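Numbering (numbering that gives the first Met the number 0) for the sequence shown: 0 to 242.
Data block below; observations after.
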Amino acid sequence: MSNHNQKFVVKPYRPGHRQIEIILWISLSVLLFAGGLMLGFKFFGSAMVEKRQMQQELGSIRESMEGLEQRLANAELSSRIDSIALEQVRQVVTSLQTQLAVDKEELSLYRNLLQSGGSESGLLIGELTLRPGPDEQSIAYRLVVQQKENKLKRIKVNIKMTINGMNGGKDIAMGLEFLDQQFEESPIRTEFKYFHIVEGVMNVPAEFKPYNFAVVMWKKGVNSSRVEREFDWRIDSNIVGSD
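Shown next, in the form of structure tokens:
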């Protein structure tokens, strides 16, 4: 039995309407695609320009850094060269000062050898030189003694050296053998024909304050040949004593 309540809707047939819709959708799609392409090209172009600018800036920064690195390398090289040159100059000055000191000592020695004087025994106590030693409490000394006779021959002599000073308000006499370890006894026994040099380093106690350096010399077995000389205690100078 058929249902009399069903209704049928009848649409008019229009053959050109469907084609128009398809054409409109295709046109809209083409427009959207074209717009997207144009927008993409625009953004791409901006990005490329910005990229080129960044590359240029990066190139400039690299050049600046290379320049700074080169300047730094040049400065370090210059500083190294200056340090080497300064050290060379310092070494030359030190060498010249050392040579000057040696020349002064040799001059003092020759002057001492040529000076007139001496005792009847023919012995002469020459100059004494005192200089700061390698340590704070050490003193380097150098004493020249010689023979002043017309007919020189090799002689044996005894030399006694004493440092006089104050310690705790009292006068103290200290033999050189107590201050210089190279001498184990006093007097010093030696022999020479023309001259002899006694030198070394004294370790002076901090509480001991020297004020003079006394030297006594005589020929071995001849007490009458005894000569004496005292020197004022002065550091780093040629000390002229009194007979």
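Where is the CB? At the ideal position from N, CA and C, for every residue including glycine.
Only a predicted model underlies this, so the values are computations on that prediction, with no experimental measurement involved.
Within a Cβ cutoff of 7 Å, which residues of the same chain sit near residue i, ignoring the five residues on either side of it in sequence?
i, result
"L151", "K192 and Y193"
"I19", "none"
"E176", "F182, E183, E184 and S185"
Once you ignore the five residues that flank residue i on each side, which residues in its own chain have a CB closer than 8 Å to its CB?
i, result
"Q136", "N202, V203, P204 and A205"
"N222", "none"
Helix, strand or coil for residue i? Go by DSSP, reduced to three states.
i, result
"S137", "strand"
"Q90", "helix"
"I162", "strand"
"Q69", "helix"
"E206", "coil"
"Q181", "coil"
"D81", "helix"
"E75", "helix"
"N237", "At N237, the pLDDT of 46 sits below 50, so the modelled position is not reliable and the matter cannot be decided from this model."
"L151", "coil"
For the alpha helix (DSSP H) containing residue i, list its first residue and its last residue.
i, result
"L175", "L175 to L178"
Take residue i and list the residues in its own chain whose beta-carbon comes closer than 6 Å to its own, dropping the five residues that flank it on each side.
i, result
"L142", "L127 and V197"
"G132", "I138, A139 and V200"
"H195", "V144 and T189"
"R233", "none"
"R225", "W217"
"L129", "I138, Y140 and I234"
"M160", "L175 and V214"
In terms of DSSP beta bridges, what is residue i paired with?
i, result
"W217", "N157"
"I171", "G164"
"I187", "I158"
Around the Cβ of residue i, are there at least 16 other Cβ atoms within 10 angstroms (buried) or fewer (exposed)?
i, result
"D179", "buried"
"W217", "buried"
"G125", "buried"
"R228", "buried"
"N73", "exposed"
"Q146", "buried"
"L123", "buried"
Between which two residues does the beta strand (DSSP E) harbouring residue i extend?
i, result
"I124", "L122 to P131"
"V197", "F194 to N202"
Taking 7 Å as the cut-off, is the CB of residue i close to at least one heavy atom of the ligand GDP?
i, result
"L175", "You won't find the ligand GDP in this model; it holds no ligand whatsoever."
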